[in-house]
Every structure is written in C-alpha cells, then in structure tokens.
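Asker: Handing you a structure now.
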Amino acid sequence: MAERVVGNGSFGIVFLAKCLETGETFAIKKVLQDRRYKNRELQLLRLMDHPNVVSLKHCFFSTTSNDELFLNLVMEYVPETMYGVLKHYNSMNQRMPLIYVKLYTYQIFRGLAYIHTVPGVCHRDLKPQNLLVDPLTHQVKICDFGSAKVLVKGEANISYICSRYYRAPELIFGATEYTTSIDIWSAGCVLAELLLGQPLFPGENAVDQLVEIIKVLGTPTREEIRCMNPNYTDFRFPQIKAHPWHKIFHKRMPPEAIDLASRLLQYSPSLRCTALEACAHPFFDELREPNVRLPNGRPLPPLFNFKQDLTGAHPELINRLIPEHLRRMNGFPHPVGT
Numbered sequence: 001m002a003e004r005v006v007g008n009g010s011f012g013i014v015f016l017a018k019c020l021e022t023g024e025t026f027a028i029k030k031v032l033q034d035r036r037y038k039n040r041e042l043q044l045l046r047l048m049d050h051p052n053v054v055s056l057k058h059c060f061f062s063t064t065s066n067d068e069l070f071l072n073l074v075m076e077y078v079p080e081t082m083y084g085v086l087k088h089y090n091s092m093n094q095r096m097p098l099i100y101v102k103l104y105t106y107q108i109f110r111g112l113a114y115i116h117t118v119p120g121v122c123h124r125d126l127k128p129q130n131l132l133v134d135p136l137t138h139q140v141k142i143c144d145f146g147s148a149k150v151l152v153k154g155e156a157n158i159s160y161i162c163s164r165y166y167r168a169p170e171l172i173f174g175a176t177e178y179t180t181s182i183d184i185w186s187a188g189c190v191l192a193e194l195l196l197g198q199p200l201f202p203g204e205n206a207v208d209q210l211v212e213i214i215k216v217l218g219t220p221t222r223e224e225i226r227c228m229n230p231n232y233t234d235f236r237f238p239q240i241k242a243h244p245w246h247k248i249f250h251k252r253m254p255p256e257a258i259d260l261a262s263r264l265l266q267y268s269p270s271l272r273c274t275a276l277e278a279c280a281h282p283f284f285d286e287l288r289e290p291n292v293r294l295p296n297g298r299p300l301p302p303l304f305n306f307k308q309d310l311t312g313a314h315p316e317l318i319n320r321l322i323p324e325h326l327r328r329m330n331g332f333p334h335p336v337g338t
C-alpha cells in the first residue's frame, strides 16, 4: 500500500509503501519503461548484495490508462540521506563530528570497493543525495543506480554524466573512455563536503566547475590533460598555482583527513587511490580500534565482515583493512602473507 512520495526527479518517482501482510516499509522507485529495452538499473541491482549497497526486494510492472509501462523497483527503506544529515548540521551551524565523517566515508568506499570489483559497476552519480543513512545504526548504503553501468575497456561511454559538483575533471574534458575512478573523485568531493560543511567545488555550470577545480588543484599540466582525455587539444588555460590542501581545511583538521582528500582528488585518474586502498587509509584507523563506540555509546555498524570484497587484494592491504582483534573471526588467524 503506497503511503507518500519521498523523492522525485528526471528518472521518475520514489514513494513509501507498507506491506499489508508484514507491516514492513519499503521504498518503491517507479520509472517509465521503454518496451524495446531491458532496464539496466534492475539488471545491476539483481547482481548486487552488500551491506553498503541498497538491496532490491522485489519488482513489478504496472500500466496506465494510456498504455504507458512503468517498472516498479521495491527496495529496502532507509529513512535518511547524507544530504539530509549535512543539512541538519548546517542548520545548527555545526560541523559533523569527525567520528561520523570517518564512519560514513569508510562505508562509501567499502560499498564502492564491492561494486567496482564484484559486478564491475561504475555508479556515475555518487553524491550526498544518493547515499542513504540509517539514523539509528549509522549504516550507509549507496543507492540510485539509474546512471550506473558496467564499464568495458575500449567501449565509449557518455561524458555528460554525474551531478556537477561531484563530476570528475576527465568528464568535464569530454572523456568517453573513463574508469571507475570517476566514482573515487565523487567520493573525494563527498569527503571534503562532510569535513567543510559545504561543497568543495560549487560550479555554476560545466565551465565554472572546471574553474572551481583549478582554483584548488591548480592548472592541469599537458600530461595530466592527456591522462584525462588523450583527444583533448585545447590547452589555453590561465596558469594558476595549486592552493595548499591544509589551507582549504581549518587548522584543527587531522593531517590524515587532508592526506586522504589529496589522494582522491587527483587530476590523473590512475593516480587516485582505489576504494579498497581508501578503506585502509590511516584516517580510518580509529574505526579499527577494539573499543570504539558511537558518541551515544552504541556499537558501530559491521565494518569488517568482508567476503568477496577482498578478491585479488594484496595480503599487506588485507592486514591493514582487518583489525588484528577481528582476524580470527574473519578466518585470518595470523597476519596474511607471514
């Protein structure tokens, strides 16, 4: 039984619904379906099963009186978004507590590590509005796979993708053979926004977006432009020096936070760290401590129940990812590789 609309956009509409048999609440995303094609979002959601990715429970088709076909994706309902959480702190003129910044961004990277490796999916629209937050457990789930795609090497993709503030520079440069590192850039923008309380690159249009990036990272070199888009030939940019990262954030910002942001927000896509490497970064070490708790004294949501996430990961990386006190529970009785 549908209750109320909780979101809408160019994709369609999302409404809250309650199962009459169980009383359980779900979110139903209703999208117009072209009868000639399969729905890519449905195909991808069926592939995925991870604590940090929204789960598909059911799907069904419906029609209107004028014979329009709609696909209804029935998904788990998570009541809050990262956008809403940020708005809450801003309304109180407060910064998000650092423990929550760590907890939320760690889970974003853990979700990305899964979608990038197991189904090989690139989200292509990562932003605070597409990150769900459970206000009780503080578990984060990546949602809205309407722009997502399995990227195939050598196959062209559209470059006009991803919401502006979170759009990787190679997309602004018109690259069509990009990689999942565009999601890493977006996640870096989200991290910076949680730390600052406002978007790091608030461009008013596509050109202004590049200007905002250049104001922070400086003018890209010819080599960096080549790495972003080998076919780009217009190099007429004003020469601007990079703004030091430590001057962008306030003085009390932990150096680990600044270091992680700098590793994510690189012009050259191949120089950005991977999602799993980001999870292992020292910025998240507090989450790996045995007695860490939420500010209200409750335990953290599960963060280290890795399964297929670690496929092909280097033993040294696994040792950094899984806390020593949890290795036995995860089937790693000794440091891996020793």
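Under UniProt numbering, the first residue of the sequence shown is numbered 1, with each subsequent residue one higher. All C-beta atoms, glycine included, are put in the ideal place defined by N, C-alpha and C. As the structure is a computational prediction, the values presented were derived from the model and not from experiment.
Taking residue 425 as the reference, give the member of G188, E155, C59 with the closest Cα.
Answerer: This structure cannot settle anything about residue 425, because the visible part of the chain is limited to 1 through 338.
Asker: R293 and P323 - do their beta-carbons sit closer together than 8 Å?
Answerer: For the purposes of this step, residue 323 is taken as the residue at position 323 of the sequence shown. For the purposes of this step, residue 293 is taken as the residue at position 293 of the sequence shown. In this structure, R293 does not lie closer than 8 Å to P323 by Cβ.
Asker: Just the C-alpha distance for N8 and R36, rounded to the nearest angstrom, thanks.
Answerer: The sequence position of residue 8 within the sequence shown is 8, counting from 1. The sequence position of residue 36 within the sequence shown is 36, counting from 1. Approximately 24 Å between the Cα atoms of the pair.
Asker: Provide the residue span of the beta strand (DSSP E) that contains C59, from first to last.
Answerer: Here residue 59 is taken as the residue at index 59 of the sequence shown, counted from 1. From DSSP, the beta strand (DSSP E) with C59 extends over 56-63.
Asker: Under 8 Å, do K141 and V78 count as touching if we go by C-beta distance?
Answerer: Taking the first residue of the sequence shown as 1, we reach residue 141 at position 141. Taking the first residue of the sequence shown as 1, we reach residue 78 at position 78. The answer is yes: Cβ separation under 8 Å.
Asker: Determine the closest residue to residue 348 out of D134, A192, H123, L217, with distance taken between C-alpha atoms.
Answerer: There is simply no residue 348 to check, as the chain begins at 1 and stops at 338 in what is shown.
Asker: Given 8 Å as the limit, is there contact between the stretch 164-173 and the stretch 197-215, that is, 3 or more CB pairs closer than that?
Answerer: Taking 8 Å as the limit for Cβ pairs, the verdict is that the stretch 197-215 does touch the stretch 164-173.
Asker: Give the range of the alpha helix (DSSP H) segment to which T117 is assigned.
Answerer: Here residue 117 refers to the residue found at position 117 when the sequence shown is read from its first residue. Segment 98-117, the alpha helix (DSSP H) holding T117.
Asker: Can you tell me where the beta strand (DSSP E) holding K18 begins and where it ends?
Answerer: Along the sequence shown, read from residue 1 onward, the residue named residue 18 stands at position 18. Segment 12-18, the beta strand (DSSP E) holding K18.
Asker: Going straight from the alpha carbon of Q33 to that of F61, what length do you get?
Answerer: Here the question's residue 33 lines up with position 33 in the sequence shown. Here the question's residue 61 lines up with position 61 in the sequence shown. The alpha-carbon atoms of Q33 and F61 are separated by roughly 9 Å.
Asker: If distances are taken between C-alpha atoms only, which option among Y100, L217, K251, L71 comes closest to P299?
Answerer: Walking along the sequence shown from the start, residue 299 turns up at place 299. That would be Y100, whose Cα lies nearest to the Cα of P299.
Asker: Alpha carbon to alpha carbon, how far is K29 from L132?
Answerer: Residue numbering aside, residue 29 sits at position 29 when the sequence shown is read from its first letter. Residue numbering aside, residue 132 sits at position 132 when the sequence shown is read from its first letter. Looking at the two C-alpha atoms, the distance is approximately 15 Å.
Asker: Counting Cβ pairs, one atom from each stretch, are 3 or more of them under 8 Å apart for the stretch 222-237 and the stretch 172-185?
Answerer: Taking 8 Å as the limit for Cβ pairs, the verdict is that the stretch 172-185 does touch the stretch 222-237.
Asker: Of the residues N52, H50, L42, L56, which one's Cα is nearest the Cα of F26?
Answerer: Locating residue 26 in the sequence shown gives position 26, counting from the first residue. Nearest of N52, H50, L42, L56 to F26, Cα basis: L56.
Asker: Using 10 angstroms around the beta-carbon of T63, count the other beta-carbons present and answer buried if the total reaches 16, otherwise exposed.
Answerer: One-based indexing of the sequence shown puts residue 63 at position 63. Under this definition T63 is an exposed residue.
Asker: Would you report the Cα separation of G146 and L42, rounded to the nearest angstrom?
Answerer: Residue numbering aside, residue 146 sits at position 146 when the sequence shown is read from its first letter. Residue numbering aside, residue 42 sits at position 42 when the sequence shown is read from its first letter. G146 and L42: Cα-Cα distance of roughly 9 Å.
Asker: Going by beta carbon distance, what residues of the same chain come within less than 6 Å of T105, once the five residues before and after it are set aside?
Answerer: On the sequence shown, position 105 is the one that residue 105 refers to. Closer than 6 Å at Cβ, skipping near neighbours: L191.
Asker: Mind checking F284: buried by the 16 CB within 10 Å criterion, or exposed?
Answerer: By one-based count along the sequence shown, residue 284 stands at place 284. So F284 ends up on the buried side.
Asker: Closest by CA to A261, which one among L326, E21, H246, N319?
Answerer: Taking the first residue of the sequence shown as 1, we reach residue 261 at position 261. Cα-wise, what sits closest to A261 is H246.
Asker: According to DSSP, what are the bridge partners of E76?
Answerer: Numbered from its first residue, the sequence shown carries residue 76 at position 76. F26, per the DSSP bridge assignment.
Asker: Taking just the CA atoms, how far does P199 sit from R110?
Answerer: Residue numbering aside, residue 110 sits at position 110 when the sequence shown is read from its first letter. Residue numbering aside, residue 199 sits at position 199 when the sequence shown is read from its first letter. Going by the C-alpha atoms only, they are around 22 Å apart.
Asker: Skipping 5 residues on each side, what residues in its chain have a beta carbon closer than 8 Å to that of L264?
Answerer: Against the sequence shown, residue 264 aligns to sequence position 264. Contacts found: I184, W185, A187, G188, L191, R272, C273, A278.
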